[in-house]
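See structure below.
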């Protein structure tokens, strides 16, 4: 994987892999969302966090901006974009002191 | 590549690969943005479109929502998220008539 186009294709494919389990590929229901998140998490992190279940519940409520009870594609992309912004800020922080002038 | 985390890492890495060329990894200047877009395009598409140059110019103006003259990371992610939504709609359209009930 080397370019944004491949990365976008992965994001679309993974959404569809889980969203279409109930025959409706437009959105992730609670079970599909949980399954998708679980599949991304490394097992250790689940065991360490006692309130892992509540965490997913709260995350879904936060992401479901139109309160439809499901996560549609644009809510999913908003979630990933915010994660990317957090990743970027973390990367910039860790690069401080390197040869970039911040 | 199988998961959104990898896809996000690619998006952050590619932004940095181009944004840091002028020593400022926070945003893409016009040259860096053009170089990034050119690197993604297959050569054929550039030759076919006479107003390719104006297209990139206009795209940059459209994406630069804070009118800073550069594309920062969140403007970049907004661009990719909108592309993903277009990809998703195209995928859903092409899936019509398959076994999903739309």
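Chains as they are written, first to last, in my numbering: chain A, 1 to 102; chain B, 103 to 204. Heads up, the beta-carbon is just placed ideally off N, CA and C, and yes, glycines get one too.
Problem set entry | Contacting residues, own chain, Cβ-Cβ under 7 Å from residue 181 of chain B (five flanking each side not counted) | Start at 1 with the first residue of the second chain, and residue 181 of chain B comes out as number 79. Within the same chain, residue 181 of chain B has close Cβ partners 165.
Open item on the list: If you measure between the beta carbons of residue 114 of chain B and residue 59 of chain A, is that distance less than 8 Å?
Closed with: Mapped onto the second chain, residue 114 of chain B falls at position 12. Mapped onto the first chain, residue 59 of chain A falls at position 59. Between residue 114 of chain B and residue 59 of chain A, the C-beta spacing is not below 8 Å.
Original post:
How would you list, in chain order, the residues of chain A whose beta-carbon sits under 9 Å from the beta-carbon of residue 135 of chain B?
Top reply: The residue given as residue 135 of chain B occupies position 33 in the second chain. Within chain A, no residue comes near residue 135 of chain B; the closest Cβ sits about 13 Å away, beyond 9 Å.
Opposing strand residues paired with residue 173 of chain B [DSSP bridges]: Working through the second chain from its first residue, we reach residue 173 of chain B at position 71. For residue 173 of chain B, which the question treats as bridged, DSSP gives the partners B:130.
Exercise for the section: Return the residue from the list B:140, B:112, B:183 and B:126 that minimises the CA-CA distance to residue 172 of chain B. Expected result: The residue given as residue 172 of chain B occupies position 70 in the second chain. It is B:126.
query = Taking only beta-carbon atoms, is residue 74 of chain A less than 8 Å away from chain B?
reply = As a working mapping, residue 74 of chain A is identified with position 74 in the first chain. It does; some Cβ of chain B falls within 8 Å.
Q | Whole-angstrom distance between residue 141 of chain B and residue 133 of chain B, CA atom to CA atom | A | Position 31 of the second chain, counting from 1, holds the residue named residue 133 of chain B. Position 39 of the second chain, counting from 1, holds the residue named residue 141 of chain B. Spanning the two alpha carbons is a distance of roughly 12 Å.
Is it true that the CB of residue 4 of chain A sits closer than 8 Å to the CB of residue 163 of chain B? Locating residue 163 of chain B in the second chain gives position 61, counting from the first residue. Locating residue 4 of chain A in the first chain gives position 4, counting from the first residue. Result no, Cβ atoms of residue 163 of chain B and residue 4 of chain A do not sit closer than 8 Å.
- Round the Cβ separation of residue 18 of chain A and residue 28 of chain A to the nearest angstrom and send it over; I've been treating them as touching at under 8 Å. By one-based count along the first chain, residue 18 of chain A stands at place 18. By one-based count along the first chain, residue 28 of chain A stands at place 28. At roughly 6 Å, the Cβ-Cβ gap stays under 8 Å, so residue 18 of chain A and residue 28 of chain A are in contact.
Fill in: Pick from B:187, B:190 and B:122 that is closest to residue 138 of chain B, judged by C-alpha positions
Along the second chain, one-based indexing puts residue 138 of chain B at 36. When each option's Cα is compared against that of residue 138 of chain B, the closest is B:122.
- Task: State buried or exposed for residue 190 of chain B, treating a residue as buried only when at least 16 other CB atoms are found within 10 Å of its CB.
- Result: Within the second chain, numbered from 1, the residue matching residue 190 of chain B stands at position 88. It counts as buried.
- prompt: For residue 197 of chain B, which residues in chain A fall below 7 Å Cβ to Cβ?
  reply: Position 95 of the second chain, counted from the first residue, corresponds to residue 197 of chain B. Those within 7 Å of residue 197 of chain B in chain A are 25.
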